[in-house]
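Per the working numbering, the very first residue in the sequence shown carries number 7; after that it's consecutive.
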Amino acid sequence: MSPLLARAAGAPAPGFSHETFAYREDDEFAAVVAAFVREGLAHDEAVVVAEPPPRLEQLRAALGDDAAAVDFLDMTAIGGNPGRIISVWAAALDRHHRAGRTLRGVGEPAYPGRSPAELVECELHELLLNAAFDDGPAWRLLCPYDQGGLPAEVCERALGTHPYRTGADGVLPTGGPGGPTAAELLATSLPPPGEVVLRGEFGPADVPAVRRTVAQYARTSGLTAEQVEALALAASELATNSIRHGGGTGVLAMWNEPGATVVEFSDAGHLADPLIGRRLPDPPREGGHGVRLVHQLCDLVQVRSSPAGTTVRVTTWH
Numbered sequence: 007m008s009p010l011l012a013r014a015a016g017a018p019a020p021g022f023s024h025e026t027f028a029y030r031e032d033d034e035f036a037a038v039v040a041a042f043v044r045e046g047l048a049h050d051e052a053v054v055v056a057e058p059p060p061r062l063e064q065l066r067a068a069l070g071d072d073a074a075a076v077d078f079l080d081m082t083a084i085g086g087n088p089g090r091i092i093s094v095w096a097a098a099l100d101r102h103h104r105a106g107r108t109l110r111g112v113g114e115p116a117y118p119g120r121s122p123a124e125l126v127e128c129e130l131h132e133l134l135l136n137a138a139f140d141d142g143p144a145w146r147l148l149c150p151y152d153q154g155g156l157p158a159e160v161c162e163r164a165l166g167t168h169p170y171r172t173g174a175d176g177v178l179p180t181g182g183p184g185g186p187t188a189a190e191l192l193a194t195s196l197p198p199p200g201e202v203v204l205r206g207e208f209g210p211a212d213v214p215a216v217r218r219t220v221a222q223y224a225r226t227s228g229l230t231a232e233q234v235e236a237l238a239l240a241a242s243e244l245a246t247n248s249i250r251h252g253g254g255t256g257v258l259a260m261w262n263e264p265g266a267t268v269v270e271f272s273d274a275g276h277l278a279d280p281l282i283g284r285r286l287p288d289p290p291r292e293g294g295h296g297v298r299l300v301h302q303l304c305d306l307v308q309v310r311s312s313p314a315g316t317t318v319r320v321t322t323w324h
């Protein structure tokens, strides 16, 4: 048996195996990930790889003819906002499980070039993956981390977000330093804005005005017509959520940062489900559609919630 399939003492029982893999060189990435993929193909598993385009091309070259059997996804497209990624894996798992096949995935959400805010959301995403899939069908997800291109603390914290690590010595428990839990990270405060902020309260009759205000601010900030429409729709959904679930009122804040326009909604509500908006509600009639739409529409969505209240910050890149 290949070391990548070997399960050492204390390694995971069959179920969701969420694994991190730290690499330094392109050749190391290609060799280990290609071996991981080929093992899945040899066991007739469905293999889905989500990587930034340069890594996709590198892996295609390393796999040769085997690449034809792999479903390749552009991580910069499906996961530019990390809040969208879980729904992609959930759909793939459901599709292949219904077909009687085991899923094997490769996903690199924390790729070099991400902003600090994006990398924090990647960490939260990795933590929430465990909550999303631990009680479901068995599958493996390998998450590569580029030690040469990412801050050292990001790679170190991956040991706390992934129960297992994969390498030449097999699959082992990480046993690394644990960072905050998903609940703890969700309850933290977002960094305060550094620029001039426009702020105002809104109530039940103000949702149309909120949408118009956000659209006008987005236009004057230089966003495209498509971005303006997406941000206005997201604002309408978030204001409605504040009215329905946040005590009937909320606070809207808007500001510009270098290369981005930011809109933030705060209210007195508390999101009991940390996965709300990150996967399809089940059953479909349940709530969560509005937050899911916001995740799909926007470049970066940051949700923080505790008994003290909820804040949703939406960033649109210029």
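Every residue gets a Cβ at the ideal spot worked out from N, C-alpha and C, and that includes glycine.
Please confirm whether residue i and residue j have their CB atoms less than 8 Å apart.
i	j	result
alanine 36	leucine 65	yes
histidine 276	serine 311	yes
glycine 256	aspartate 279	no
alanine 231	tryptophan 323	no
valine 213	alanine 245	yes
alanine 240	leucine 286	no
phenylalanine 22	alanine 144	yes
Per DSSP, what kind of secondary structure is residue i in: helix, strand or coil?
i	result
threonine 316	strand
proline 18	With a pLDDT of only 46 at proline 18, under 50, the local geometry of the prediction cannot be trusted, and no value is derived from it.
leucine 108	As written in the sequence, residue 108 is threonine, which differs from the leucine given in the question. The answer is coil: DSSP assigns threonine 108 none of H, G, I, E or B.
proline 150	strand
valine 307	strand
arginine 90	helix
alanine 138	helix
leucine 281	coil
histidine 324	coil
Enumerate in chain order the residues of its own chain whose CB-to-CB distance from residue i is below 6 Å, with the five nearest sequence positions on each side excluded.
i	result
glutamate 132	Thr167
Going by beta carbon distance, what residues of the same chain come within less than 7 Å of residue i, once the five residues before and after it are set aside?
i	result
arginine 319	Leu196, Val268, Glu270 and Gln308
alanine 40	Leu65, Ala68 and Leu69
proline 9	For proline 9, the pLDDT reaches just 48, beneath the cut-off of 50, and the residue's location in the model is therefore unreliable, although a value from the coordinates is still provided. So the list reads Ala174, Asp175 and Gly176, once near-sequence residues are dropped.
Determine the closest residue to residue i out of the options, with distance taken between C-alpha atoms.
i	options	result
cysteine 149	Asp77, Ala174, Arg107 and Tyr117	Tyr117
valine 1	Gly86, Ala138, Gly111 and Leu109	There is no way to answer for residue 1, as the model of the chain reaches only from 7 to 324.
alanine 52	Phe78, Tyr29 and Ala28	Phe78
leucine 130	Ala164, Glu31 and Ala73	Ala164
valine 76	Ala48, Ser93, His103 and Pro88	Ala48
histidine 301	Ala83, Arg284 and Pro313	Arg284
So residue i is in the alpha helix (DSSP H); what residue range does that whole segment cover?
i	result
serine 340	Since the first and last residues shown for the chain are 7 and 324, residue 340 lies out of range.
glycine 256	No alpha helix (DSSP H) holds glycine 256; the beta strand (DSSP E) holding it covers 256–263.
proline 179	Taken as a continuous stretch (DSSP letters only), proline 179 belongs to no alpha helix (DSSP H), being part of the beta strand (DSSP E) at 176–179.
threonine 167	158–167
arginine 5	As shown, the chain starts at 7 and ends at 324. That puts residue 5 outside it, with no answer to give.
Would you kindly report the start and end of the unbroken beta strand (DSSP E) that includes residue i?
i	result
alanine 52	52–57
arginine 217	Counting along the chain, arginine 217 falls outside any beta strand (DSSP E), though it belongs to the alpha helix (DSSP H) covering 213–226.
aspartate 80	77–80
valine 268	266–273
Go through its chain and collect everything with a Cβ distance to residue i's Cβ below 8 Å, but skip five positions before and after it.
i	result
glycine 315	Gly252, Ser272, Asp273, Ala274, Gly275 and His276
Please confirm whether any heavy atom of the ligand MN lies closer than 7 Å to the CB of residue i.
i	result
leucine 165	This structure simply doesn't include the ligand MN, nor any ligand for that matter.
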